[in-house]
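Just below is one structure, and these are the notes that go with it.
In my numbering, the protein residues as written are 29 to 254.
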């Protein structure tokens with residue numbers, strides 16, 4: 029096992045998965061404040077897993093997506109904490125360094141700056157489609173979960189400090205807003221409804237962007253304590 033590269037949680041908080049730089053994965057169950065190891069799996073042989081995302085199915089089953097070298101996304105299906113099967117999906121030519129998903133789409137970002145989406149149909153993935161290519165390195169991507177307003181947004185953070193927000197309309201993702209934070213973006217987090225985005229950047233600085241009535245995002249004040 030190598031240094032931890034990512035940690036993801038299931039929608040209901042019952043399960044967690046961690047991955048490491050040597051290609052190892054640990055699937056865990058969280059119960060009554062305790063963490064129980066369910067299984068360990070070697071996803072790749074001494075090649076890093078850069079990022080993970082978990083999708084909870086309608087039957088309560090979990091699918092774990094792992095972003096790896098050579099554009100590979102390794103998928104592990106889990107039921108009641110037990111591995112059922114695994115597959116490999118090739119989303120790009122270069123390493124998948126960041127990814128996220130909701131029940132409809134898998135979003136991937138490659139080391140060469142390609143941002144793509146792949147439609148999820150049941151237990152199948154359709155062909156990947158490019159959204160954009162960034163010249164700066166992508167550090168984080170997050171997609172909103174499904175909501176009653178049928179609005180889908182993607183946030184993309186760059187090591188250069190750029191922040192892009194995409195919206196889905198007319199069967200494609202288009203840039204809705206872009207911001208310059210002046211320091212590297214490290215992490216992104218959408219609120220449950222998908223109408224507020226928190227951004228960690230710089231030296232533990234946090235910015236929050238809320239959706240406005242005109243369907244644009246605006247920075248709002250946030251209290252930060254030392």
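The beta-carbon is built from N, C-alpha and C at its ideal position, and this holds for glycine as well.
With respect to the beta strand (DSSP E) encompassing residue i, which residues constitute its N-terminal and C-terminal limits?
i: residue 207; result: 200-208
i: residue 112; result: 110-118
i: residue 163; result: From DSSP, residue 163 is part of no beta strand (DSSP E); its letter is neither H nor E.
i: residue 133; result: 133-138
i: residue 33; result: 32-37
i: residue 49; result: That residue, residue 49, is in no beta strand (DSSP E); it is neither H nor E in DSSP.
i: residue 68; result: 62-70
i: residue 96; result: Taken as a continuous stretch (DSSP letters only), residue 96 belongs to no beta strand (DSSP E), as it is neither H nor E.
i: residue 77; result: Counting along the chain, residue 77 falls outside any beta strand (DSSP E), and DSSP gives it neither H nor E.
i: residue 231; result: Element bounds for residue 231: n/a, residue is neither H nor E.
i: residue 250; result: Note, residue 250: premise wrong, no beta strand (DSSP E); not H, not E.
My understanding is that residue i touches residue j, with C-beta atoms under 8 Å, so please give their C-beta distance in whole angstroms.
i: residue 183; j: residue 216; result: 5 Å
i: residue 33; j: residue 55; result: About 15 Å; that fails the 8 Å criterion.
i: residue 105; j: residue 89; result: 7 Å
i: residue 123; j: residue 96; result: 7 Å
i: residue 53; j: residue 45; result: 6 Å
i: residue 213; j: residue 189; result: 7 Å
i: residue 186; j: residue 162; result: 6 Å
i: residue 166; j: residue 194; result: The pair is not a contact, with the Cβ atoms about 13 Å apart (cut-off 8 Å).
i: residue 174; j: residue 130; result: 6 Å
i: residue 71; j: residue 102; result: 5 Å
i: residue 36; j: residue 81; result: 6 Å
i: residue 74; j: residue 99; result: Actually they are not in contact, since the Cβ atoms of residue 74 and residue 99 sit about 18 Å apart, beyond 8 Å.
i: residue 218; j: residue 157; result: Not confirmed; about 22 Å, so no contact.
Quickly, what does DSSP pair residue i with across the bridge? List them, please.
i: residue 184; result: 169 and 192
i: residue 214; result: Its beta-bridge partners do not exist; DSSP assigns none.
i: residue 91; result: 83 and 105
i: residue 148; result: 153
i: residue 142; result: 161
i: residue 26; result: Past the edges of the chain, shown from 29 to 254, lies residue 26, and the structure says nothing about it.
i: residue 242; result: Residue 242 pairs with nothing; no bridge assigned.
i: residue 197; result: 200
i: residue 129; result: 134
i: residue 57; result: 43 and 64
Three CB pairs or more closer than 8 Å across the region 150-158 and the region 181-196: At 8 Å Cβ cutoff, the stretches do not touch.
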